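Participant: Next up is a structure, given as structure tokens.
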Amino acid sequence: MPLPSHLLPALVLLLGPLAVTLPAARSPGWAWVPSHCRSPGQAACNFVCDCRDCSDEAQCGYRGASPALGTPFACDFEQDSCGWRDISTSGYSWLRDRAGAALEGPGPHSDHTLGTDLGWYMAVGTHRGKEASTAALRSPTLREAAPSCKLRLWYHAASGDVAELRLEVTHGSETLILWQSTGPWDPGWQELAVTTGRIRGDFRVTFSATRNATHRGAVALDDLAFWDCGLPTPQASCPLGHHHCQNKVCVEPQQLCDGEDNCGDLSDEDPLTCGRHTATDFETGLGPWNRSEGWSRNHSAGGPERPSWPRRDHSRNSAQGSFLVSVAEPGTPAILSSPEFQASGASNCSVRWVGLTGPPCWLPRCRAPSQLLVPQLIFYHYLHGSEAGCLQLFLQTLGSSAPQAPVLLRRRRGELGTAWVRDRVDIQSAHPFQILLAGQTGPGGVVGLDDLILSDHCRPVPEVSTLQPLPPGPWAPVPQPLPPSSRLQDSCKQGHFACGDLCVPPEQLCDFEEQCAGGEDEQACGTTDFESLEAGGWEDASVGRLQWRRLSAQESQGSSAAAAGHFLSLQRAWGQLSTEARVLTPLLGPSGPSCELHLAYYLQSQPRGFLALVVVDNGSRELAWQALSSSAGGWKVDKVLLGARRRPFQLEFVGLVDLDGPDQQGAGVDNVTLRDCSPTVTTKRDREVSCNFERDTCSWYPGHLSDTHWRWVESRGPDHDHTTGQGHFVLLDPTDPLAWGHSAHLLSRPQVPAAPTECLSFWYYLHGPQIGTLRLAMRREGEETHLWSRSGTQGNRWHEAWATLSHQPGSRAQYQLLFEGLRDGYHGTMALDDVAVRPGPCWAPHHCSFEDSDCGFSSGGRGLWRRQANASGHTAWGPPTDHTTETAQGHYMVVDTSPDALPRGQTASLTSKEYRPPAQPACLTFWYHGSLHNPGTLRVHLEKGRKHQVLSLSAHGGLAWRLGSVDVQAEQAWRVSARWGAPPPPRELPGPTAAALPCTHQVVFEAVAAGVAHSYVALDDLLLQDGPCPRPGSCDFESGLCGWSHLAWPSLGGYSWDWGGGATPSRYPQPPVDHTLGTKAGHFAFFETGVLGPGGRAAWLRSEPLPATPASCLRFWYHMGFPEHFYKGELRVLLRSTQGQLAVWGTGGHRRHQWLEAQVEVASTKEFQVVFEATLGGQPALGPIALDDVEYLAGQRCQQPAPSPGDTAAPVSVPTAVGSALLLLMLLVLLGLGGRRWLQKRGSCPFQSNTEATAPGFDNILFNADGVTLPASVTSDP
């Protein structure tokens, strides 16, 4: 698929040093020949679209790409496996899978392509066998990889789940290991990019995962892409200056005699053309490079078992090929010397190379390089495994009267990846010279050399001159660029920095804290105007056709010429790999939360190009800032918040422009300044926890532990703030592109307590059919305490919440607040606004799920109530699951009412904090659970001066949580308490019921212990909301969902019904008005079926448990707003009980955009729940299903409703439909079948007979793995 231009910077940042994004460069590998289509045997799977529709590249381990420049051949596994197949020989094997199909386990929770649970990937599940086994995934047969070919993929392997991962390529009789790792692996999706090198003929790629008895072996693979792998195609003629190969392919002049098969037939390396070049490939020895100190000739096969060791040489692209590696001790350079040369035809002029660091080198000052026969050295180098590795190239002039110090011509430092990187140096000297290559390894790293090629303009000198002794200085670079005035003293350890009498260790260099009196240890640490040669420590790390160079305004052209002095500019380079240019700082930090980078930049690149700032932290890469292609040019200024980072990090500028494009294309950076980056720096803003986010984010800043971030945004469309509806707020969108982290953090700067207790209040927004979890925690002295959380949609509106911050009296220990958004859902919006903190405790929360705390409840002196979960499965008493999450990991409050814990007639109380006085009548609901044996009685009291009982519930046992409710009319502060014990209450109300509270009382829970062994009572999910309490099973949805549960069920895809109204903008389609009020101000429950993926998954809206009934009526209004001519959404009514699940009503397809009434008569001999199920009848399409005015009439049969105006297919009640069907079957025996078909076409509801609709039991259920399948006679009409 074509690569969108706005994704280019993000792809580059993720690919690292081997990234390839070529939006404008004219790479021959992307040529397209529309005039003919060669036979499949010649053209298939060669990374070139020979056919107009690219059908010759289908099922080649990738999908056939369009011929657009810069587009890789890629496979995201969304449609199929692209030809990859499992070749495993055991039960441990690969298959195409997605996260939504795996309800639990160690695998990924989302794919990499979409970042959701609907995306597909290749996965190998856990294997329970005891024997070691390997799961291997192999590509189809591929053909002819170009020298620049790279393979990029994403893998997911949690540490401990797999013993080894390996990527191999097999061509001919050799299998070459491209990459191998035994971990440990970071959580989440990890990127891998490797070069294949030139491969002639057919080859195959294999990705394998190995497990053993201690590793379960769960691993996943996604988004494979082959970049720049196609060879150039034949052309009738070539551009001026290009070389026409024997096979009619065109290559650039600098690709001649460079040691790589760029033509595809080796004609660019023909001995007739390159015979006079001096090439050394180290296959048989050192050649003319006969002076070697610290270098060793080696090869990959049988080499040391080190992760950084080269897997192959460059010359042969084989593990059997030879190369040089530095074997000198750390701190001691390995030196390779050339013979003495004389430049043929060299003019007597000086040369100066301008780099980012190092002393002045040479550039011609008399004639242009194209007019000179300039000697050239092409060499391939390898730096991998250590940021401290360094390779330097020096020119040593000989024969002059005065000894000359070696001149540094080139320096490469740091991590360049597992690839051989090409470079070229032009040499010009009036005297004989030698070339000196010095390599110095860092801890765990490797520095290698291969294929040294001297051009035919270098001729050896017959008589060898005396080589001048080499000074020690240039050979031992310090860990990072330092000012010239700085020198390492003998008294300091290697790597330490000396200033005066002080030796600064490496970890204190560039940490934003000055150790030296003059601040020398912080002078080459990113901040620079590029006027000095040190360039602030920025060092080029490019490996492709572009590089960053320090340039003067006089040397520049176009927009950059407006800048005075020097700046950092994008220029051409000699690398053969990725096209973007990279420049990095030394390791910086850690940094404080106020850390900002200020810069001036220009960018002129059309139609594509970009400039980006990336933060590199322990191998991970985070895009912090970017400027996309622009034709305006001119210098601009900007700033970037870097924030607090706990570990040292590097900053990296990444740039890509088309220097061959029209106009003056280019990019530059100047005046880089890092401000307020010390962790000890404090500002006035650091104390601003209270924030409405209108001006900025105050003391709040995003965390940087994942690529998912909170963003400070302005109100726009359905996303609106709470303060004014048109202002700013912070937003977390789980569908943000290129964000796969599991969570995002929003942190406050460290605070000093203002009082022993403080109240933090805030407004939050959680809306969407599959939104995740929002948490609030407090960090103090290395410990993290959870204070509050919400999961799943809370409706399309802002909600207020608060949490009490408790501190030790008199303590000055700092604390930090943390909002964490978990991406355990992928459809919806999460936002925060209007955060405030004040001294003193908070009111009791309106909603308490006990997931994070006890919400301020106290259980008296004996402490009989306790907060617990049943995650271990060995809890002595209490329900197996909570009500909030319906899992064993969920929490609730429980009391043991067994005689040994609470004797018969005694009490156990649970008392809440005071509630804020409600401004209007409200409803307090709670869920309670009793043991199977009689646990006693739960009473609810008001408490203000004296107790006043308002509700008594018989806590009869069972497996279900039951709902209790109390009408609250208080205008004063009040609180809730629960007790078990005391004499029997004056009256008992069986089952869920409600009672009114006088406005001057407070609420108390109280209960009686029945004296039964192994008994308990539990409480969960207390909720106070506006409006009177509804009848069981009924709701008008004006204040919320009442007792209806919309908890997402993983087995159905994890989707939820939502709550909203027409007056509030929503990103999801919904009815414009409700049914209750008939206006935008009304509310309803709704579900957007367009988010459902293939497979017919659903969302459930469940009632509270309802008592058994011989016949009751369920009446409701529904709305289905699907596009014309689409048959998509389906709404069904199910009955669930211990006997099973029964569908009693359903409708589907297109309906007019209006509210329609339906009635269903229900019957059950067991306690049951009513379930509204929203699902799909076909492929996804945007369209809401909505419900309003649900009314459950216990013990009443349904009455015939009035006809729905304007809709002839409106559903009718079940008894009426059943009676009509029986009458027609009795009167029209001969036409019974036809009459039945006619009724189906009229849209009748699902039924069998009147007897079956009301009879007890669920005898007509057929269960399968997906839930329930109904016989044809009871399914909905199409």
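First residue of the sequence shown? That's 4 in my numbering, and the numbers climb one at a time after it.
Here a beta-carbon is modelled for each residue, glycine too, at the ideal position from N, C-alpha and C.
Given the structure is predicted, the values throughout are model-derived calculations rather than measurements.
Out of GLY859, HIS725, GLY967, ARG688, which one is the CA nearest neighbour of THR914?
Facilitator: Comparing Cα-Cα distances from THR914 to each of GLY859, HIS725, GLY967, ARG688, the minimum goes to GLY859.
Participant: DSSP three-state call for CYS277: helix, strand or coil?
Facilitator: Three-state result, CYS277: helix.
Participant: Since ALA627 and LEU645 are thought to touch, with beta carbons under 8 Å apart, how far apart are those beta carbons, to the nearest angstrom?
Facilitator: Contact holds; Cβ gap of about 7 Å.
Participant: Between which two residues does the beta strand (DSSP E) holding LYS916 run?
Facilitator: Its beta strand (DSSP E) spans residues 912 to 918.
Participant: At which residues does the beta strand (DSSP E) containing THR832 begin and terminate?
Facilitator: Looking at the DSSP string, the run of the beta strand (DSSP E) that includes THR832 is 830 to 842.
Participant: Do ALA1051 and TYR1058 have their beta-carbon atoms positioned less than 7 Å apart in this structure?
Facilitator: Going by C-beta atoms, TYR1058 is nearer than 7 Å to ALA1051.
Participant: For LEU106, which residues of its own chain have a beta-carbon under 8 Å away from its beta-carbon, when the five flanking residues on both sides are left out?
Facilitator: Only weak support is given to the placement of LEU106: the predicted model assigns it a pLDDT of 46, under 50, and the value that follows is read from those uncertain coordinates. These residues qualify, in order along the chain: PRO1053, SER1054.
Participant: Measuring alpha carbon to alpha carbon, tell me which of GLY1149, THR1168, PHE1119 ends up nearest GLN1202.
Facilitator: If we check each option's Cα against that of GLN1202, PHE1119 comes out closest.
Participant: Reducing DSSP to helix, strand and coil, say where GLU717 ends up.
Facilitator: Strand.
Participant: Just checking my contact of ASP714 with LEU734 at CB under 8 Å: how many whole Å lie between their CB atoms?
Facilitator: The question names Asp, yet the displayed sequence has Arg at residue 714. Indeed they touch by this definition, with Cβ atoms about 5 Å apart.
Participant: Short check: CB of TRP972 to CB of PRO920, under 7 Å?
Facilitator: Looking at the sequence itself, residue 972 is Gln, so the reference to Trp does not match. Contact: no.
Participant: Helix, strand or coil for GLU854 per DSSP?
Facilitator: Reduced to three states, the DSSP call for GLU854 is coil.
Participant: Around the C-beta of HIS877, are 16 or more other C-beta atoms found within 10 angstroms, so that it is buried, or is it exposed?
Facilitator: Result: exposed.
Participant: Hey, could you find the ends of the beta strand (DSSP E) LEU626 is sitting in?
Facilitator: Where LEU626 is concerned, the enclosing beta strand (DSSP E) stretches over 623 to 631.
Participant: I think VAL619 touches GLU655, with their Cβ atoms under 8 Å apart; what is that distance to the nearest whole Å?
Facilitator: With 8 Å as the limit, VAL619 and GLU655 qualify as a contact, their Cβ atoms being about 6 Å apart.
Participant: On the CB-based measure, 16 or more other CB atoms within 10 Å of its CB, does ALA102 come out buried or exposed?
Facilitator: When all chains shown are included, ALA102 counts as buried.
Participant: Any idea what DSSP makes of PRO1053, helix, strand or coil?
Facilitator: DSSP places PRO1053 in helix when its eight states are reduced to three.
Participant: Are the beta-carbon atoms belonging to LEU181 and VAL197 less than 7 Å from one another?
Facilitator: In this structure, VAL197 lies closer than 7 Å to LEU181 by Cβ.
Participant: May I have a chain-ordered list of the beta strand (DSSP E) segments no shorter than 3 residues that lie completely inside the region 116 to 150?
Facilitator: Here the runs fully enclosed are 123 to 127, 136 to 141, 145 to 148.
Participant: Are the region 806 to 826 and the region 774 to 792 in contact at 8 Å, needing three or more beta carbon pairs?
Facilitator: Yes, they touch.
Participant: Could you give the C-beta distance for LEU380 and VAL450, rounded to a whole number, given that I count them as a contact under 8 Å?
Facilitator: No, LEU380 and VAL450 are not in contact; Cβ-Cβ is about 17 Å, not under 8 Å.
Participant: Which of the three DSSP states is assigned to SER1106 in this structure?
Facilitator: Coil, per DSSP.
Participant: In angstroms with no decimal places, state the Cα-to-Cα distance between ASP264 and PRO256.
Facilitator: Roughly 13 Å between the two C-alpha positions.
Participant: DSSP beta-bridge partners for PRO1187?
Facilitator: GLU1091, per the DSSP bridge assignment.
Participant: Run through the DSSP bridge pairs and tell me what ILE338 is partnered with.
Facilitator: Looking at the DSSP assignment, ILE338 forms a beta bridge with GLU296, ALA441.
Participant: Which whole-angstrom value is the C-beta distance of LEU1025 and PHE929, which I expect to be below 8 Å?
Facilitator: That pair is a contact at about 5 Å.
Participant: Restricting to Cα atoms, I'd like to know which of CYS926, TYR1121, GLU1176 is closest to VAL1136.
Facilitator: When only C-alpha atoms are compared, the closest one is GLU1176.
Participant: Can you grab the Cα-Cα spacing for the pair HIS384 / ALA138, in whole Å?
Facilitator: Near 34 Å, if we compare the C-alpha coordinates of ALA138 and HIS384.
Participant: In whole angstroms, what separates the C-alpha of HIS317 from that of ASP453?
Facilitator: About 6 Å.
Participant: Please work out which residues of its chain come closer than 6 Å, Cβ to Cβ, to GLY1014, disregarding the five sequence neighbours upstream and downstream, and give them in chain order.
Facilitator: Result list for GLY1014: PRO902, ARG907, in chain order.
Participant: Please classify ASN301: is it buried, with 16 or more other beta-carbons within 10 angstroms of its beta-carbon, or exposed?
Facilitator: ASN301 should be labelled buried.
Participant: For TYR1019, collect the residues of the same chain with a Cβ closer than 7 Å to its Cβ; drop the 5 residues on either side in sequence, then sort them by chain order.
Facilitator: TRP880, GLY881, VAL897, VAL898, ASP899, THR900, SER934, PRO938, listed in sequence order.
Participant: Within 10 angstroms of the Cβ of GLU1091, are there 16 or more other Cβ atoms? Answer buried if so, exposed if not.
Facilitator: The residue in question, GLU1091, is buried, as its Cβ has 16 or more Cβ neighbours within 10 Å.
Participant: Which whole-angstrom value describes the C-beta separation of ARG462 and PHE652, a residue pair presumed to lie in contact below a C-beta threshold of 8 Å?
Facilitator: Actually they do not touch by this definition, with Cβ atoms about 49 Å apart.
Participant: Taking the C-alpha atoms as reference points, what is the distance between ASP1191 and CYS1032?
Facilitator: About 16 Å.
Participant: Relative to the C-alpha of THR1168, which residue among PRO1113, HIS245, LEU1185, GLY1124 is closest?
Facilitator: That would be PRO1113, whose Cα lies nearest to the Cα of THR1168.
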